[in-house]
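Residue numbers (this note's numbering): 8 to 628.
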């Protein structure tokens, strides 16, 4: 079989490319490739990454009829480097929809791939990763590769997984997993500098932070390790990699939220304690661990740097520069420099909006922006009057946006903001979405300021300060500003919404992972953002006012009254039931925010303005 990539016909459905990383285990590699050749649902291609083997592994792979391409690396780059290389090759050069990855000591049973695809097809939702059950050579489930159910999983989520005889998980091993290419393009590649150990944990946890991953026991492979053992067995010299890579994961990777870091760090300490207790050479093990801890202080190299000069360098560069995981000075996406990230603008309109304000809002998020969006998605929430219809007709005719493509989705009846935004998100072509309202004005620098911060910090949700105005844009009034750092945002969110909805940018996957917009009159944004924080979303804010927020004569009146009180009480009950607030915080919020809804407008207006000014001064102090 030639080394050059040769496209192969689809077996039907998504294009599945298997990636096998091989190093000096030619007999096991033969069994692995025979297993791939025997799949009930054939693979659409097999890429073998030969990690500079000194036996004839590469020759064996080239001669096997199931192999599409053999890529020989100039040196052994470990499992981490091999899988990063193979994934990039599969997605870029072989146009994979799904990438099925495994080591050369993995022998898939004939139904392994079919079972993964059947679970994926039957699941009620999007799945980014599916993992096989890994058995040892004697049929026992291999404890090294058994994933745990996702912590804090809701009953509906557990039921959706159970409906396809699966279990939702937070991470998985590289022994046999099926990865969605869209998630790969968004999250990038494994950190090649890990070399071995924890590269699969970091990478799959990164992918699954805001996505669904399923463990599918019906999909079985044999993991033919030399011994049957768990991850707390003394690894010898490899404990250096274990400690260094764990430090990198816990301190630098965006894979884990604060809660996850605490849980996994505690679990790691307990496992290390058991490992030391069982070790026959604790002194040597401690020395390796100390060396790993010291090495973990220094950032890993970028995967692009590690794989530079290899046959896959161009694939890596293209994949990383084409998605949101940019190539920067660190191997982790959160430290990456900003590359042009495609994004959508989502703008709903309904009968209560004014045509001249709507037209102004459209211009402000398209033709006037220093960094223009890649599309504008407009949702018409039910029938509108002739004046708004005229604006929509201009949009259909390709006017108003200066060449920015427009997607117009028209709902037959008014369904409310939450459902309209959900409908709009489903029609956004890009993972990153910026919100806008039909009566507000985005300043020209808005996206040029927000998007680099959003991409560079690998955020899932952010907003900016907004400046209120009445009729004259040149005379803004009160500036609404919120904390910019994640910890303070999370604390603030227990009392009040720490984001300005008209200035929000978020990831569609993070919104979906939190359950999306749910109807709660005038509180749907706060309710969504609280759930996103609870689900571990990476959050931030820009202190600079980037949106002019139009306030009418009745703006302060609409913030109070019995209807708002009812919505407030419903929100607080949901926050408590979600576990986002404590019982004490619930009581505090009901009292403070409930009183706020009932006080007269004449009192509410000056109090609100004074509080906004004070908050602004504190933020800029």
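Where is the CB? At the ideal position from N, CA and C, for every residue including glycine.
Where residue i falls: helix, strand or coil (DSSP)
i, result
"residue 93", "helix"
"residue 156", "strand"
"residue 442", "strand"
"residue 32", "coil"
"residue 279", "helix"
"residue 573", "helix"
"residue 110", "strand"
"residue 52", "strand"
"residue 57", "strand"
"residue 103", "coil"
"residue 548", "strand"
"residue 593", "helix"
"residue 70", "helix"
"residue 216", "coil"
"residue 487", "strand"
"residue 558", "coil"
"residue 610", "Note that residue 610 has pLDDT 49, beneath the 50 cutoff, so the model's placement of it is unreliable and no number is given."
"residue 587", "coil"
"residue 291", "helix"
"residue 378", "coil"
"residue 480", "coil"
Closest residue to residue i among the options (Cα-Cα distance)
i, options, result
"residue 532", "457, 429, 595 and 224", "429"
"residue 458", "470, 447 and 448", "470"
"residue 41", "96, 186 and 115", "115"
"residue 21", "124, 111, 112 and 78", "124"
"residue 193", "205, 216, 203 and 204", "216"
"residue 410", "386, 380 and 394", "380"
"residue 473", "490, 467, 464 and 465", "490"
"residue 207", "253, 367, 117 and 502", "253"
"residue 202", "538, 255 and 514", "255"
"residue 321", "572, 46, 435 and 100", "100"
"residue 414", "396, 436, 424 and 393", "436"
"residue 33", "48, 501, 65 and 56", "65"
Cβ-Cβ distance between residue i and residue j below 8 Å
i, j, result
"residue 196", "residue 108", "no"
"residue 98", "residue 277", "no"
"residue 549", "residue 540", "no"
"residue 512", "residue 441", "yes"
"residue 631", "residue 59", "The first residue shown for the chain is 8 and the last is 628, placing residue 631 beyond what the model contains."
"residue 106", "residue 188", "yes"
"residue 61", "residue 39", "no"
"residue 494", "residue 536", "no"
"residue 383", "residue 352", "yes"
"residue 144", "residue 231", "yes"
"residue 129", "residue 176", "no"
"residue 348", "residue 199", "no"
"residue 554", "residue 449", "yes"
"residue 444", "residue 368", "yes"
C-alpha distance - residue i paired with residue j, whole-angstrom precision
i, j, result
"residue 282", "residue 296", "12 Å"
"residue 44", "residue 37", "10 Å"
"residue 257", "residue 247", "16 Å"
"residue 422", "residue 141", "47 Å"
"residue 27", "residue 600", "57 Å"
"residue 287", "residue 245", "15 Å"
"residue 23", "residue 234", "31 Å"
"residue 157", "residue 365", "43 Å"
"residue 25", "residue 186", "10 Å"
"residue 522", "residue 438", "16 Å"
"residue 204", "residue 184", "16 Å"
"residue 211", "residue 179", "6 Å"
"residue 373", "residue 407", "8 Å"
"residue 403", "residue 264", "42 Å"
"residue 51", "residue 122", "16 Å"
"residue 387", "residue 279", "57 Å"
"residue 308", "residue 72", "36 Å"
"residue 596", "residue 579", "7 Å"
"residue 591", "residue 163", "28 Å"
"residue 68", "residue 274", "39 Å"
"residue 362", "residue 398", "7 Å"
"residue 334", "residue 103", "Any reading at residue 334 needs caution, since the residue's pLDDT is 30, under 50, leaving its predicted position unreliable; the model's value is listed next. About 21 Å."
"residue 112", "residue 542", "36 Å"
"residue 492", "residue 499", "11 Å"
"residue 74", "residue 117", "17 Å"
"residue 78", "residue 165", "40 Å"
CB contact check: residue i to chain B, cutoff 8 Å
i, result
"residue 584", "In summary, chain B is missing from the structure at hand, where a single protein chain is found."
### alpha helix (DSSP H) runs wholly inside the stretch 118 to 205, at least 4 long, in chain order
119 to 129, 162 to 169 and 188 to 194
Complete alpha helix (DSSP H) runs within the stretch 495 to 545 (minimum length 4 residues, chain order): 515 to 520 and 531 to 541
Problem set entry | Whole runs of the beta strand (DSSP E) within the stretch 385 to 471, excluding any shorter than 3 residues | 413 to 418 and 439 to 442
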